[in-house]
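S.K.: Structure incoming, see below.
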Amino acid sequence: MTDPAPDLLRIEGLTKTYPGVVANDDVSFAISKGEIHALLGENGAGKSTLVKMIYGLVKPDRGGMVLHGQAFAPTRPSAARAAGVAMVFQHFSLFEALNVAENVALGMESPPPMRELAARIRAVSEDYGLPLDPARMVGDLSAGERQRVEIVRCLLQDPKLLIMDEPTSVLTPQEVDILFQTLRKLSAEGTAILYISHKLEEIRALCDEATILRRGKVVGSCTPRDVSAREMAEMMVGAVLTPPARAARRDWGDAQPALAVAGLSVASPIPFGTSLKEVGFTVQRGEVLGIAGVAGNGQDELLLALSGELRCAPGMVQCFGKPIGHLGPNERRAMGFVAAPEDRLGHAAAPDMSLVENAFLSGSVRKGLTRNGFIDWARAKTWAEEVVAQYDVRTPGTWVAARALSGGNLQKFLMGRELSQSPEVVIINQPTWGVDAAAAAFIRQEILNRAQDGAAVVVISQDLDDLLEVSDRFAALNEGRLTPARPTEGLTVEEIGLMMGGAHGMEVAHHG
Amino acid sequence: MGLFMFRLEKRPSPSAFWQYATPVLAVLLTMVAGGALFALLGKNPVAAIRTIFWDPLFGEFAFYLRGQLLVKAGPLILIAVGLSLGFRAGIWNIGAEGQYIMGAIFGAGVALAVFPTENRLIFPVMIVAGAFGGWLWAMIPAVLKTRFNTNEILVSLMLVYVAQTVLSKAATGFLRNPQGMGFPGSRNFSSYPAARNVELFAGSGMHWGVVAAFIAVIAAYVLLQRHLLGFQIKLAGQAPRAARFAGVQPTRLVVMCMGISGALAGMAGMFEVAGPAGQISIDFASGYGFTAIIVAFLGRLNPIGILLAGLVMALTYVGGEMASTNLGLPSAAIQVFQGMLLFFLLGVDVLTNYRLRLTKGRAA
Chain U
1 MTDPAPDLLR
11 IEGLTKTYPG
21 VVANDDVSFA
31 ISKGEIHALL
41 GENGAGKSTL
51 VKMIYGLVKP
61 DRGGMVLHGQ
71 AFAPTRPSAA
81 RAAGVAMVFQ
91 HFSLFEALNV
101 AENVALGMES
111 PPPMRELAAR
121 IRAVSEDYGL
131 PLDPARMVGD
141 LSAGERQRVE
151 IVRCLLQDPK
161 LLIMDEPTSV
171 LTPQEVDILF
181 QTLRKLSAEG
191 TAILYISHKL
201 EEIRALCDEA
211 TILRRGKVVG
221 SCTPRDVSAR
231 EMAEMMVGAV
241 LTPPARAARR
251 DWGDAQPALA
261 VAGLSVASPI
271 PFGTSLKEVG
281 FTVQRGEVLG
291 IAGVAGNGQD
301 ELLLALSGEL
311 RCAPGMVQCF
321 GKPIGHLGPN
331 ERRAMGFVAA
341 PEDRLGHAAA
351 PDMSLVENAF
361 LSGSVRKGLT
371 RNGFIDWARA
381 KTWAEEVVAQ
391 YDVRTPGTWV
401 AARALSGGNL
411 QKFLMGRELS
421 QSPEVVIINQ
431 PTWGVDAAAA
441 AFIRQEILNR
451 AQDGAAVVVI
461 SQDLDDLLEV
471 SDRFAALNEG
481 RLTPARPTEG
491 LTVEEIGLMM
501 GGAHGMEVAH
511 HG
Chain G
1001 MGLFMFRLEK
1011 RPSPSAFWQY
1021 ATPVLAVLLT
1031 MVAGGALFAL
1041 LGKNPVAAIR
1051 TIFWDPLFGE
1061 FAFYLRGQLL
1071 VKAGPLILIA
1081 VGLSLGFRAG
1091 IWNIGAEGQY
1101 IMGAIFGAGV
1111 ALAVFPTENR
1121 LIFPVMIVAG
1131 AFGGWLWAMI
1141 PAVLKTRFNT
1151 NEILVSLMLV
1161 YVAQTVLSKA
1171 ATGFLRNPQG
1181 MGFPGSRNFS
1191 SYPAARNVEL
1201 FAGSGMHWGV
1211 VAAFIAVIAA
1221 YVLLQRHLLG
1231 FQIKLAGQAP
1241 RAARFAGVQP
1251 TRLVVMCMGI
1261 SGALAGMAGM
1271 FEVAGPAGQI
1281 SIDFASGYGF
1291 TAIIVAFLGR
1301 LNPIGILLAG
1311 LVMALTYVGG
1321 EMASTNLGLP
1331 SAAIQVFQGM
1341 LLFFLLGVDV
1351 LTNYRLRLTK
1361 GRAA
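Top to bottom, those sequences are chains U and G.
Under our numbering, the final residue of the first sequence carries the number 512; numbering is consecutive throughout.
Under our numbering, the final residue of the second sequence carries the number 1364; numbering is consecutive throughout.
Written as structure tokens, this is what we have:
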């Protein structure tokens, strides 16, 4: 299609091949001035490679880009920034022990004097409805506020194209609203925005155009307002999606809940972590409790306390009335616990170990993989192969190192590893982090199946879709405190947002 | 600027080839740099390198020197195998030399206490006592680390100097030979058959310590490949948080690793004092405990690798002695030579995880 409006950035046939995989295959599209353009695709579809090429982090093998009518081939991010391209990464690169202004200065080629910079930060942040105190320590900021630091850092460069990678994954619904207002304002002033996401409703609410990638190729484009989220999802996946099925819950008739947490208060073992304060909830067999919350509000600590890595007073955690707060991870596994931490490489899995070794890592107790302290590697391998087959993990074999798998594939493997141990209590942090829509649906279905089999399930997630689809009851973590659990049915997004802590003291708030 | 530059590029997974090639490359680089050092000292570098690496194996006195090879390699391998377990788990026992000395004192002390009783149980009891002495000495840094979070590197290293003081006290005081006419040093085990660590085959250099070293290599191999503890050791070293997730107790691991390495070092000391050294003397400590650190890394912390590395290191000992007597090389130069080995090994190690790329340089 030819557009009469002059394109700000035109991408022509970009191709990038990595050993064994074509990350981008002849990708072409254009973004015009002031346009909010969505880049949509499953994990591993090539979105990251594409934006890395635009931002000068990766050099394309073939093809080219045209920015402002001139050939554009940045060899490093500073060249891209000089040409007016800015990027907000999904994972922030901020120093927690420095204040906002110092963090911004660190990202600049030649920072102005601190006082002047602080004034500019204040001015820009207020212009765009993103209030920020330049003197505050980043370690004290919420995730939403940290993202604001990153955005303001970009805005100070007066960008012509702003790339945003999954910006809403750490925000409450109210904060998302504010971010969208900011982005719309930028767009109205002529800044183009390349918006990467897999949250389809957000894209429908925000974006003017969408380019859909699948396996490195452009498979379609659309105007998001004119199509349904379902249609976009099916374009993205290339298949028809079915929402998870849930059968009616069975009454197990237990006298005691499978998992009861009462008055759980523990200090965080993580620097700049959030201590848990008087957390309490119960989960029955066959029930799924969803725990929402913005990142960094105690999710990691709650998982550690439930998995047994962080111990507490015996009575704070109980399993069928038995106090287990003082027991370690393997003792709890023996009682039927499985846990899946959020951080895959380094916590849930050892990056340099093979999939077999990683399967053994958490499965040795429940799968009986040791005898007299000696490891039965043959059985561990058979089991790892079963997990790979059942959970559709794409890997050359079970001998490869965990770090060689893509994020989504590793997530599938690790979820499979925990869920295929016939657990009685399941604790999962971020079950569908980084996996594509089809895999996310599969994982949610498996979680529901375990509950059907009689497991008590706790799902901690920042993805509301996860929680709304699987949970029977719903609670939110906010600065280490847990709200009382409420039945999920009938909850509105607005109510959920308020449970999650509203807009974290932001100026523009839209509570009904 | 059209300059060419080297750039390091991270490999997607560690290179299997370089994992085995780096030790060999390090030995070659040591030969080159060592040769240059010897040349600067006014010696013929080719003759010096030949004396160190060739003559002990195939030279005129090889029949004797080959036996010496096992005598030197035995304690190095035994100590290095123990150290490698801790090193893999990120537990740094640098004080094997002290544990080696204490093992020798405990082992010798037991035998000398019952002198001149002849009983077949004496030697086995000495082995246990030697291992216990080393274990006890290693428990000091282990307990201080687990209780008070002290640094095991510093504590274990400092305890080497304490052990050396105890050693000179033993040689001149509580273990001194009452019939030694006031000279420092204990009774000589060569004249105490029940407590003697005999050479098993004449001229082979093979004594019980060498046997123990071979057993340790096999046991460590099995431990690392098949046993839960070995898995936990590797896991704790590679991914400490994943280790906690897997239920590994860091405290227990510190105590186990320090204990095993201390016991093996103590055993090595006991075999040495009852065999090749023959007695507790002021200069009994010969640095095996420190050299074993080099051996452990040269062998890639892998038991089989350590076996080979121990033999190579023994070669530099035996050959180095030859070079200093025949060519008049100062013994300090030989020690520098051995140190270079570790230096180059750590230096070229980067190639396992990174590849070297020649690029057209540009000002950064």
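Beta carbons: idealized from backbone N, C-alpha and C, even for Gly.
Could you tell me which residues DSSP puts in a beta bridge with Val218/U?
M.R.: Val218/U is bridged to Leu213/U.
S.K.: Can you tell which of Ile428/U, Ala437/U and Met235/U has the C-alpha that lies nearest to the C-alpha of Arg450/U?
M.R.: The shortest Cα separation from Arg450/U among Ile428/U, Ala437/U and Met235/U belongs to Ile428/U.
S.K.: Determine, using beta carbons only, whether Ala1016/G comes closer than 9 Å to chain U.
M.R.: Not closer than 9 Å to any Cβ of chain U, the Cβ of Ala1016/G fails to qualify, so no.
S.K.: Kindly list the residues whose CB is nearer than 8 Å to the CB of Ile176/U, restricted to its own chain and excluding five residues on each side of it in sequence; keep chain order.
M.R.: According to the sequence displayed, residue 176/U carries Val and not Ile. Excluding residues within five positions, the ones whose Cβ falls inside 8 Å are Thr168 and Glu202.
S.K.: Taking the straight line between their C-alpha atoms, what separation do you get for Phe1061/G and Ser1324/G?
M.R.: Cα to Cα, the separation comes out at about 15 Å.
S.K.: Beta-carbon within less than 6 Å of Ser461/U's beta-carbon, same chain only, minus the 5 sequence neighbours each way: which residues are those?
M.R.: These residues qualify, in order along the chain: Gln430 and Leu467.
S.K.: Residues of chain G with a CB under 8 Å from the CB of His347/U: which are they?
M.R.: Ala1239, Arg1241, Ala1242 and Phe1245, listed in chain order.
S.K.: Can you tell me whether Gly296/U is helix, strand or coil according to DSSP?
M.R.: Correct three-state label for Gly296/U: coil.
S.K.: Could you check the C-alpha separation between Ala476/U and Pro484/U for me, to the nearest Å?
M.R.: About 8 Å.
S.K.: What residue does the alpha helix (DSSP H) around Gly1067/G start on, and which one ends it?
M.R.: That run of the alpha helix (DSSP H) goes Ala1062 to Arg1088.
S.K.: Could you give the first and the last residue of the continuous alpha helix (DSSP H) run that contains Ala30/U?
M.R.: Element bounds for Ala30/U: not the alpha helix (DSSP H) but the beta strand (DSSP E), Val21 to Ser32.
S.K.: Need the endpoints of the beta strand (DSSP E) that Val459/U sits in, please.
M.R.: From DSSP, the beta strand (DSSP E) with Val459/U extends over Ala456 to Ile460.
S.K.: Determine contact between the region 344-361 of chain U and the region 390-407 of chain U, defined as no fewer than three beta-carbon pairs at a distance below 8 Å.
M.R.: Judged by Cβ distances under 8 Å, the region 344-361 of chain U makes contact with the region 390-407 of chain U, as three or more pairs qualify.
S.K.: Using a Cβ-Cβ distance cut-off of 9 Å, determine whether Ser362/U contacts chain G.
M.R.: Answer yes: the Cβ-Cβ gap between Ser362/U and chain G drops below 9 Å somewhere.
S.K.: Less than 9 Å separating the beta-carbons of Trp1135/G and Gly1035/G?
M.R.: Cβ distance not < 9 Å, so Trp1135/G and Gly1035/G don't count as in contact.
S.K.: On the three-pair Cβ rule with 8 Å, is the region 1239-1258 of chain G touching the region 1193-1205 of chain G?
M.R.: Judged by Cβ distances under 8 Å, the region 1239-1258 of chain G makes no contact with the region 1193-1205 of chain G, as fewer than three pairs qualify.
S.K.: Put Asp226/U into one of helix, strand or coil per three-state DSSP.
M.R.: In the structure shown, Asp226/U sits in a helix (DSSP, three-state: H, G or I).
S.K.: Cβ closer than 7 Å: which chain G residues qualify as neighbours of Thr370/U?
M.R.: Simply Leu1228.
S.K.: Using the Cβ count rule (16 or more neighbours within 10 Å means buried), how would you classify Val21/U?
M.R.: The residue is exposed, with fewer than 16 neighbouring Cβ atoms inside 10 Å.
S.K.: State the DSSP-derived secondary structure class of Tyr1192/G, mapped to helix, strand or coil.
M.R.: Three-state result, Tyr1192/G: coil.
S.K.: Counting only C-beta atoms, is Lys1169/G closer than 9 Å to chain U at any point?
M.R.: No, Lys1169/G does not count as interfacial toward chain U.
S.K.: Give me the DSSP bridge partner(s) of Cys154/U.
M.R.: Cys154/U is not bridged to any residue.
S.K.: Ala1363/G: buried (16+ other C-beta within 10 angstroms of its C-beta) or exposed?
M.R.: Only weak support is given to the placement of Ala1363/G: the predicted model assigns it a pLDDT of 42, under 50, and the question is left unresolved by the model.
S.K.: Which runs of the alpha helix (DSSP H) spanning at least 4 residues fall entirely within the region 382-461 of chain U, listed in chain order?
M.R.: Whole alpha helix (DSSP H) segments, 4+ residues: 407-419 and 437-452.
S.K.: If you measure from the beta carbon of Leu1076/G to each beta carbon in chain U, is any gap under 9 Å?
M.R.: False, the Cβ-Cβ gap to chain U never drops below 9 Å.
S.K.: In angstroms with no decimal places, state the Cα-to-Cα distance between Ser1186/G and Gly1098/G.
M.R.: Those two C-alpha atoms are separated by around 19 Å.
S.K.: Does the beta carbon of Gln1370/G sit closer than 9 Å to a beta carbon anywhere in chain U?
M.R.: Residue 1370/G is absent from the model: chain G starts at 1001 and stops at 1364.
S.K.: Assuming Val288/U and Ser275/U form a contact by the criterion Cβ under 8 Å, report the distance between their Cβ atoms to the nearest whole angstrom.
M.R.: That belief does not hold up - the Cβ atoms of Val288/U and Ser275/U are roughly 26 Å apart, past 8 Å.
S.K.: Using a threshold of 9 Å, state whether the C-beta atoms of Ser362/U and Arg333/U are closer than that.
M.R.: Their beta carbons are under 9 Å apart, which means Ser362/U touches Arg333/U by this criterion.
S.K.: Determine, for Met1001/G, whether the minimum Cβ-Cβ distance to residues of chain U falls below 9 Å.
M.R.: Low per-residue confidence applies at Met1001/G: pLDDT is 46, beneath 50, and the placement is therefore not dependable, though the value from the model is reported in the following sentence. It does not: the Cβ of Met1001/G has no partner Cβ on chain U nearer than 9 Å.
S.K.: State the CB to CB distance for the pair Ala73/U and Gly63/U, rounded to an integer number of angstroms; the pair is presumed to be in contact (CB under 8 Å).
M.R.: Their Cβ separation, rounded to whole angstroms, is 10 Å, which puts Ala73/U and Gly63/U out of contact at 8 Å.
S.K.: If contacts are defined as beta-carbon pairs under 8 Å, then Leu414/U and Arg344/U qualify, I think. What distance do you get, rounded to the angstrom?
M.R.: Going by Cβ atoms, the distance from Leu414/U to Arg344/U rounds to 6 Å, so yes, they are a contact pair.
S.K.: Quick one: does Lys1234/G have its CB under 9 Å from some CB of chain U?
M.R.: Yes - at least one Cβ of chain U is within 9 Å of the one on Lys1234/G.
S.K.: Could you give the distance in angstroms between the alpha-carbon of Pro1124/G and the alpha-carbon of Pro1116/G?
M.R.: Spanning the two alpha carbons is a distance of roughly 16 Å.
S.K.: Can you say whether Gly1173/G is buried or exposed, counting buried as having 16 or more other CB atoms within 10 angstroms of its CB?
M.R.: So Gly1173/G ends up on the exposed side.
S.K.: Going by DSSP, which residues form a beta bridge with Lys1234/G?
M.R.: Paired residue(s): none; Lys1234/G is not in a bridge.
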